[in-house]
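Residue numbers (our numbering): 163 to 425. We put the beta carbon where it would ideally sit given N, CA and C, even for glycine. The structure appears right after this line, and notes come after that.
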Amino acid sequence: MWVGYVQLGPRFGDVEGNIERALSLMEGERADLWVLPELFSTGYLFASREELMELAEPVPEGPTTRALSDFARERGCFIVAGVAERTGDRVYNAAVVVGPEGLIARYRKIHLFGKEKLWFDPGDLPLEPVDMGGVKIGVMICFDHFFPETARTLALKGAQIICHPANLVLPGLGQLSMRVRAMENRVYTVTANRIGVEERGGEVLSFTGGSQIVAPDAVVLRSASPDREEIGIAEIDPTRALDKRVTRYNDLFADRRPEFYGL
Ligand code: ACM
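As structure tokens, then:
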């Protein structure tokens with residue numbers, strides 16, 4: 163199967179334009195599974211929770227999930243993408259999983275980074291892989307990579323591909339740790355990061371690009387520039403992620419010693 167990342171430089175608040183650019187990048191290539199950045203349709207650096215509430219949208223009724231579902235139906239593919247999800251008086255840094263039949267699953271970021279703690283409600287859904295035509299995919303968002311438990315939980319529950327919408331700002335760290343997350347869990351990882359600079363509310367953030375697709379042996383199959391909107395695709399064999407053997411004598415999951423891991 164073919165997987166791909168879409169590396170985008172969202173313009174803050176231009177939901178329609180950001181969706182259009184992401185779709186036009188994907189139109190140029192075919193992939194079975196696309197991953198888009200965290201909060202790709204709104205931008206990242208909110209000035210207040212009120213501003214976020216205005217830009218956030220209900221899932222699946224909002225414009226972002228609808229546009230992605232239409233694309234997935236037309237192209238017969240699956241898409242994982244970051245979206246600001248509003249429901250009642252709550253708002254989540256979320257990711258949707260859509261396929262030809264529409265919304266399949268959603269994830270709400272459980273480890274909020276920096277000022278996200280002021281804007282978003284913390285995620286409240288379990289880490290649960292999603293069946294995508296016989297292949298299990300897991301979803302985590304950006305800063306979740308600092309918590310190895312996130313990828314580990316998804317992998318122990320059977321995820322073969324970990325999709326990682328991101329807005330990484332600490333140079334090189336997310337790219338490094340997602341190689342390790344792939345290696346220690348023997349899974350594929352697809353990180354879709356954003357590029358560009360946002361300057362709002364007296365703050366400036368630079369996003370690091372470097373989106374990447376990593377194989378279960380930590381080999382980087384494809385990686386992007388630090389500063390251009392681009393896509394990257396790679397052919398993968400997800401059955402490789404079912405085999406946790408490292409040597410003849412070592413199976414990463416069977417060799418775990420959870421009786422030593424408790425506090
Ligand atoms: C991040 O979690 N967006 C750094």
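Range covered by the beta strand (DSSP E) that runs through residue i
i	result
Arg252	252-261
Arg362	357-362
Met188	Note, Met188: premise wrong, no beta strand (DSSP E); alpha helix (DSSP H) at 177-189.
Glu397	392-397
Thr353	350-354
Ser203	Counting along the chain, Ser203 falls outside any beta strand (DSSP E), and DSSP gives it neither H nor E.
Arg243	Checking the sequence shown, residue 243 turns out to be Ala, not Arg. Run containing Ala243: 240-249, per the beta strand (DSSP E) assignment.
Gly264	264-270
Val408	407-409
Run of the alpha helix (DSSP H) containing residue i, from where it starts to where it stops
i	result
Asp379	Where Asp379 is concerned, there is no enclosing alpha helix (DSSP H), given that its DSSP letter is neither H nor E.
Pro225	225-237
Leu217	211-217
Near the ligand ACM: residue i beta-carbon under 7 Å from a heavy atom
i	result
Asn329	yes
Phe174	no
Cys304	yes
Glu360	no
Glu365	no
Phe415	no
Glu219	no
Phe309	no
Glu247	no
Phe275	yes
Glu200	yes
Distance between beta carbons of residue j and residue i, contact taken as under 8 Å
i	j	result
Gly244	Leu201	5 Å
His273	Phe233	Contact flag wrong, Cβ pair sits at about 29 Å.
Ala403	Arg348	6 Å
Glu391	Leu170	6 Å
Ile181	Ala257	The Cβ separation is near 15 Å, so there is no contact.
Glu265	Thr227	Per the sequence shown, residue 265 should be read as Leu rather than Glu. The pair is a contact, with the Cβ atoms about 6 Å apart (cut-off 8 Å).
Ala328	Ile299	Contact doesn't hold; Cβ gap of about 16 Å is too wide.
Tyr254	Leu367	Between Leu367 and Tyr254 the Cβ distance is about 20 Å, and since that is not below 8 Å, they are no contact.
Ser387	Gln374	Incorrect: roughly 11 Å between the Cβ atoms, too far for contact.
Sheet register partners of residue i (DSSP bridge)
i	result
Thr370	Ile357
Tyr167	Val197, Gly394
Glu365	Arg362
Arg192	In DSSP, Arg192 forms no bridge with anything.
Asp413	Arg407
Arg384	Ile375
Residue i: CB within 7 Å of a non-hydrogen atom of the ligand NAP
i	result
Arg356	For the ligand NAP, the structure offers nothing, since it holds only the ligand ACM.
Runs of 3 residues minimum, wholly inside the stretch 312-338: which ones carry the beta strand (DSSP E) assignment? The DSSP assignment places complete beta strand (DSSP E) segments of no fewer than 3 residues inside the stretch 312-338 at 323-327, in order along the chain.
Alpha helix (DSSP H) segments (min. 4 residues) lying fully within the stretch 272-316: Counting only runs of at least 4 residues, the stretch 272-316 fully encloses the following alpha helix (DSSP H) elements, listed from N- to C-terminal order: 278-281.
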